[in-house]
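Asks: Sharing a structure with you now.
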Amino acid sequence: MSQQYIFNRKYLSEQIQTLDINDIPDFEEKWEIIKKWNYSLTHSNLAKTKEETIQGDFLNKIFTTVLGYKDRIGRHLWNIQSEQKTTMDGTKADGGLGFFTETIQDVRVVIELKDARTDLDKKQKRENNQTPVEQAFSYQYKMKNCKWVIVSNFKEIRLYHSQTMTEYELFLMEDLATDLDSFKKFYYLLNINFLIDRDGIAKIDELYIRNEVEEEKISEKFYADYKNVRKQLYSHLTEHNKDIDEIILFEKTQKTLDRFIFVCFCEDSRLLPENVFRQVIQAAKANFGLSETRIWDQLKALFWSIDKGNPPMDINRFNGGLFKEDSVLDNLIIKDDIFPLFERITEYDFHSELDVNLLGHIFEQSISDIEEFKKEIRGEEFDKNKSKRKRNGVFYTPPFVTRFIVERTIGEWLDKKRQELGEENLPVLTDDDFVEYQKKKSSKRIKRKTKVEDHIEFYTKVQQIVRDIKILDPACGSGAFLNAAFDFLYQKGTEINNHLAELEGGQISLFDLDKHILKHNLYGVDINKESVEITKLSLWLKTANKRDPLTSLDENILCGNSVVADPNFDSNPFYWNESFPEVFNAGGFDIVIGNPPYVRQEWIVSIKPHLRKKYKTFHGRADLYVYFFEKAFEVLKPGGKMGYICSSKYTTTTYGHPLRSFLLKESRLRYFMDFDDLDVFKNIVAYPSIIILDKEKDVSEQEIQYCYFEELDQALGAYFERKKRPFYQSKMRDDVWNFLEDNIGALNQKMLTTYDTLEKVLGKPKAGIKTAKNPAYILSKEQARKFIKQDPKNEEIIKPYLNGKDVKPYYSFSKFSIIFPYKENLEKQELELVNIEDYPVVKAYLEQFRPDLEARAIIKDGLANGSKVWYEYQQINKAFSFEKTYITYPDIANRSSFALTKGNVLDMTLFWIETPDPYRELAILNSSIFNFLFNLISTDARGGYKRFKTVFMTKIPYVNATGDNEIAQLVKLSMHISNNVTHFENKVVFFLVKRFGLKTVNQKVEEWYITPIEELLAEFKKQKVKLSQIDEFNLFEFIETKKVELERLMTEWDSISKKIDEKVTHLYGITAEEKQMILNNL
C-alpha cells in the first residue's frame, strides 16, 4: 500500500509550478547546505550520532539558513526555538516554529527530532512507549495555535497536519540533494513565508483549505459524469435486452461500472498497461467485422484477462470475484455507440486526482442516490424524504471521525495487549547486545537467552496478535471504517515487520500484509447489496498490485440485515455464527466499529415484533441504531471494544432508557464526545456523538473521558485532549446521562434527593391539539371577524389560537384564530364534536380542503370504520376547558418560557399544566434554578434552543411550597409589565406599518429594538418604501427614542424578575455559592 499524502498530487504539483527556482533567495547556497548534510549522513559518522548532539545544527542549517526562520540572536521577535515547552504540562518538544518574544510563545509548528538510526514509526523504549510521530503529536495538541507537525530523523523529514497521523508529506534528504523538483517542493511547503503567518492565515493553511475545495469540485464533477454514464448505460441495456428483468439489468449496469472504475484506477496506477481501455476501442475499430458489439466483445476479453491473467499483455491475474465469469453479463447486448461516454471517465487521473479515499466518498454518494436514479430512469417522481439514504440511514462518515474511532479502539486494544505481554519490562538494547545475538546465532555452544531474543519473542507475539485481530463494521456502507481500519493495521503491521527484520538482521520471512488483513482481520455486513459491492471495490482499489490476485472478500463482506435473524421479518436475515464461523469459533470479534444507520422507528414497524423478542434494549419508539449497540455486545469477545458515532438522543430520551441501563451494566465506558448540532455529516442535523466502550462489567470508580465540542475541529484527537474532562461511571444513572462537573453534579443530586418531581407535584403536562392540516383551520384575525360577521353563530367554533412562538416568559399573545369544531359540555366536563352542518359558512370554507382532511392519518382509517368524521382534529385532549386558567409553554425555546392562558386553543407546539395556584408555579417555572435543572437533562435543538419534552419536564426536581402570596403578587406585577412591553413593541410595529406602508412584517421589523438601523432601512428599501434623507433621520430618531422607553420598561421588568428569582431560590434552599454556580452555567 502506498503512502497517504496530505495534498492531492495533481493540485499540489500545479501550485509548485508557480515557484521559479530563481525566486528562491540564495538558492545555490541553500541547495549546497542540503547536499553537504546528505553527504555527512552517507559518508561520515553523522548517521550514528545521537540527535541531541546535532539537532541544534540541524535546526540552524535547515530551518534558519535554508527555510528562512529567524533565530533569537539580536532580535525582539524570532521564529524558531529549540526545546519548546508545551503550555499545558511543560513537556518539551525538540523545536518549534512560530512567533516568540520574551513573553509570547505562539507555536504554529512543533518539531520532533530523532537520530538517523531511529525508525519514525517504531515504538520507542520510553515511559509512554510512543513512536516518534506519536510523541510529536502529544506535544502538538497542547499548543493552542499549532496546526502542523514536523518529525525527522535527519534522513527524512515529514510534514503532518494536526488532524491525522496517517497522512504526511515526505522529504528524503537524498532526494532533496539530488532532485531539483524535490527541493522545490520542500522549500515551497516549509519556507517561513508559506508555513507560518503572524496576523493572517498562513499560505499552507490556505492551500490546505483550497485542496479540500478542489477535491470536492473534482468529486462533484466526476460523480456527475459517472452518474450520467450509469443512467445512459442502463437505458441502453433496457433498450437492447428487453427479455431481462430491469432489476437484474440495473445490477449489471452497476457491476460494469465497478469493473470499469477498477480498470481506470489500475491504468493510472500502472497496474495495467497504460491506456488499456483506449487500446480496446482501437482494436475494436480495427476489426473488419460487421458486428455492432465489437467494443463490448473486446472489453469482455479484457475482463477475462484481468480475471485469469494475460502475461503476454502484461496483465496480472487479479481474480477476487469482481471479474469472475458472469454469464448474464457476458450475454448482454451492449452496442458500440454507448462507449464514447465511457471515455469521459478515462480523462480523469485516478492516481493524482481521484485517490482511493476520495473515491470512497463518491461511492457513498452512489449508494445514496441509487433509488433516485431508478426513479429517474422510469420517469417517476422522486421524494428525497423516502430515499434509500433516509430509509436505510446512510450517512457518509468523514475521515477525521473514522480515524479517531479506529485509533481509540484498535490502537488502544493493541496497546493493552502489548502491556499484557510485558513490554515495559523489555531490556534496553545496545550495540553490544546485537553483537552477542549474532555470536549466538553462529555458535551452537551459547545457550543463554540474549536480550535481543527477548525482543524478538515479544514482537513475534505482537505480530501474531495483529494477525489474529477480528474487526467488524455491522453497517459498513461504502467501507469508510473498514478502509480506515485497514490503513491502521497496515501501518502497525509494517512497524512490527520492520522491527523484527531489524532485530533478526534482515533474515525474517514477512507475511503478506495486504492479503492477510483483508482475508483474516476485516469483516463487514450491510443491508444494501450495493454497499457490499462498493465496500469490496474500495478495499480492492486500496490493495491492488501488479503481482498478486485480488483477495476474495466473499466470506468477509456480506449482505444481510444485521439485527434480524428471522426470514419471517426480513427477506435477507443475517445469521452471524453461520456466516463467520472462523470468528465465532474463536469467541467473537475483538473490535466493533461503525456508524449505525439513522433510521426512525416509524420505518421499522415490520420488524418490531422480532426486535421485542430478541433485544433487551427494545423500546417501542426506539430508532434502529439502538439495536446495533446490543448486537455489538452479542458478537464481541469479553474485553472487546466498541466504537460508534451515532445520534446522542439515546442518552436522554425515554426510548433510550433500556439501552442506557444495558450499557451501564454490561460495559465500561471509555470515551463520550458530544457534537450537539455541529455539522459533522454535511448538511444533516443528526446530533451525533462518539461513544467508545469495553465489554467489561467491573467498572467500579472507572473514569470516562468526556468532551463537549463547541466547534467542529477536524483535528479531533487534539481538540479532545485539550477539552476532555474525567467523569465516573459509578455516578451515572440510567434515567438520564449527565456528564456534569463534580460541583454541578452534587447540586443536582441534592435537588433530586430533596424534592419530588414536577410530575408528582403538578401532574404530567398535556399536549395541545394537532389538526394535521393547519392551513385548513387557522384563520387571520380579519378572516375570523368576517366569518363571525357573516353568521354570529360561528363565534362558537372560532377561537383565539396560540402556538409556540406566541408564548414568552409571563406573557402570551394570540395573533391568529382557529376553526375549533368542538363545544364544551359543562355537565360531562369534556369537549364534544359539533355538527358542522350547523355552521354552513365554516363548512363551505372547509370543503375546499376536504380531500386533504380525509386523507390524514387516523382520520382516513376512522372514516372507513365510521369512528371519525372528516372535519375533526387528528388529536385533541377533550378534558381541555376554555373556562380554566392553565400554565402553557412552547415545546422549543431558548429558555424557560411559561405563561398563563385562558380561552385560547393551544397548538401542538404548546403544552399545558392545570394547577390551583398558577401564579406561584409560574414563578418557579420561569426561574433560573428551574432553567438550570432543566438544562441538565434536556437535549438541544439547533441554534441553542431547548426541547421542552414531557419526558424531561416530568423529571425536574420541583419544590412543593404553597401559600406564598408575595410571590403571587410579584408574578402578577411581572405579567402586567410584560404585557405593557409587548403592547409597546407591537404599537411601534403598527406605527411603522401604517406610516410607511410596509407590506410584510418580518423578524427585522418585529424586532425593531435590536435590528441595526442600517438593516431596518435596507428592509424598507427591499419593500420598495422610498425615504428621503429627512425621513431616514426622523426614523432613526423615532427608533432611538422608543428604544429608551422600552429599556425603561425592561429595567423595571428585570428588577421584578430578580426579586421573584430570589424568592424561588429561597424556596429551593439554594446557598449564595450555589446560586452563583447556577448563573455561571446558564
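In this text, residue positions in the sequence shown follow the working numbering: the first is 4, and each later residue adds one.
C-beta: ideal position from N, C-alpha, C; glycine also.
Just tell me which of LYS990, ASN982 and HIS613 has its CA closest to the CA of GLU1055.
Replies: ASN982
Asks: For TRP81, write down the residues that DSSP places opposite it in a beta bridge.
Replies: In DSSP, TRP81 forms a bridge with PHE103.
Asks: Work out the CA separation of ARG736 and GLN7 for me, nearest whole Å.
Replies: 44 Å
Asks: Looking at ILE879: is its Cβ nearer than 9 Å to the Cβ of LYS871?
Replies: In this structure, LYS871 does not lie closer than 9 Å to ILE879 by Cβ.
Asks: With a threshold of 6 Å on Cβ separation, who are the neighbours of ALA635 within its own chain once the five nearest residues in sequence on each side are excluded?
Replies: Answer for ALA635: VAL595 and MET645, listed in chain order.
Asks: Just verifying my parser: in three-state terms, what is the DSSP assignment at SER820?
Replies: strand
Asks: Have a look at GLU857 and LEU913 and give me their C-alpha separation to the nearest angstrom.
Replies: 25 Å
Asks: Examine the Cβ distances between the segment 843–850 and the segment 1009–1027 and report whether three or more of them are shorter than 8 Å.
Replies: no
Asks: Residue range of the beta strand (DSSP E) that PRO960 falls in?
Replies: Per DSSP, PRO960 belongs to no beta strand (DSSP E) and is neither H nor E.
Asks: Please work out which residues of its chain come closer than 6 Å, Cβ to Cβ, to PRO691, disregarding the five sequence neighbours upstream and downstream, and give them in chain order.
Replies: Apart from the 5 residues on each side of it in sequence, PRO691 sits with its Cβ closer than 6 Å to the Cβ of ILE648, PHE678 and VAL683 in its chain, given in chain order.
Asks: What do you get for GLN793, buried or exposed, if any count of 16 or more other CB atoms within 10 angstroms of its CB means buried?
Replies: With fewer than 16 Cβ atoms within 10 Å of its Cβ, GLN793 is classed as exposed.
Asks: Going along the chain, which residues of its own chain have a beta-carbon closer than 8 Å to the beta-carbon of GLY425, five neighbours each way excluded?
Replies: PHE461
Asks: Could you check whether the segment 545–561 touches the segment 593–608, counting it as contact only if at least three pairs of C-beta atoms, one from each stretch, sit closer than 8 Å?
Replies: no
Asks: For the putative contact between ALA478 and ASP529, defined by C-beta atoms under 8 Å, what is the C-beta separation to the nearest angstrom?
Replies: 6 Å
Asks: Give the single residue among PHE437, GLU415 and GLU356 whose Cα lies nearest to the Cα of ALA488.
Replies: Nearest to ALA488 by C-alpha distance, out of PHE437, GLU415 and GLU356, is GLU415.
Asks: Under the rule that 16 or more other beta-carbon atoms within 10 Å means buried, what is THR756, buried or exposed?
Replies: exposed
Asks: According to DSSP, simplified to helix, strand and coil, what is PRO641?
Replies: strand
Asks: Would you kindly work out how many angstroms separate the C-alpha atoms of LEU252 and LEU542, rounded to a whole number?
Replies: 25 Å
Asks: Give the range of the beta strand (DSSP E) segment to which THR904 is assigned.
Replies: 902–904
Asks: Write down every uninterrupted run of the beta strand (DSSP E) in the segment 124–212 whose length is 3 residues or greater and which is fully enclosed by it, in chain order.
Replies: 151–155, 159–164 and 172–175
Asks: Specify the secondary structure class of ALA770 as computed by DSSP and reduced to three states.
Replies: strand
Asks: Quick check for students: name the residue ranges of the alpha helix (DSSP H) that lie wholly in the segment 285–347, counting only runs of 4 or more.
Replies: 297–311 and 330–333
Asks: Distance check for GLY101 and ASN194, CA to CA, integer angstroms please.
Replies: 12 Å
Asks: What did DSSP end up calling ALA625 once you bin it into helix, strand or coil?
Replies: coil
Asks: Please state whether DSSP places ASN395 in a helix, a strand or coil.
Replies: Low local confidence applies: a pLDDT of 45 at ASN395 is under 50, so the model's placement there is unreliable, and no value is given.
Asks: Since TYR14 is in the alpha helix (DSSP H), which residue starts that stretch and which ends it?
Replies: That run of the alpha helix (DSSP H) goes 12–19.
Asks: Go to GLN1006, then tell me how far its alpha helix (DSSP H) extends in each direction, as first and last residue.
Replies: Looking at the DSSP string, the run of the alpha helix (DSSP H) that includes GLN1006 is 1006–1009.
Asks: Under 8 Å: do the segment 764–776 and the segment 907–922 share three or more Cβ pairs, one atom per stretch?
Replies: yes
Asks: Shortest alpha-carbon distance to THR656 belongs to which of LYS958, PHE10, THR68 and LEU236?
Replies: LYS958
Asks: Kindly list the residues whose CB is nearer than 8 Å to the CB of LEU521, restricted to its own chain and excluding five residues on each side of it in sequence; keep chain order.
Replies: PHE489, LEU542, THR546, THR554, LEU556 and ASN559
Asks: Label LYS95 either buried or exposed according to how many other C-beta atoms from any shown protein chain fall within 10 Å of its C-beta, with 16 as the threshold for buried.
Replies: exposed
Asks: Just to confirm, are LYS640 and ASP680 a CB contact at a threshold of 9 Å?
Replies: no
Asks: From what residue to what residue does the beta strand (DSSP E) around MET676 run?
Replies: 671–677
Asks: Note down, in chain order, each residue of its chain lying with its Cβ closer than 6 Å to the Cβ of MET978, except the 5 sequence neighbours on either side.
Replies: When the five nearest sequence neighbours on each side are left out, the beta carbons in the same chain lying within less than 6 Å of the beta carbon of MET978 are those of TYR813, in order along the chain.
Asks: Could you tell me the distance, in whole angstroms, from the CA atom of GLN257 to the CA atom of ARG297?
Replies: In a straight line, the C-alpha of GLN257 is about 21 Å away from that of ARG297.
Asks: Taking all protein chains shown into account, do 16 or more other C-beta atoms lie within 10 angstroms of the C-beta of ILE24, making it buried, or fewer, making it exposed?
Replies: exposed
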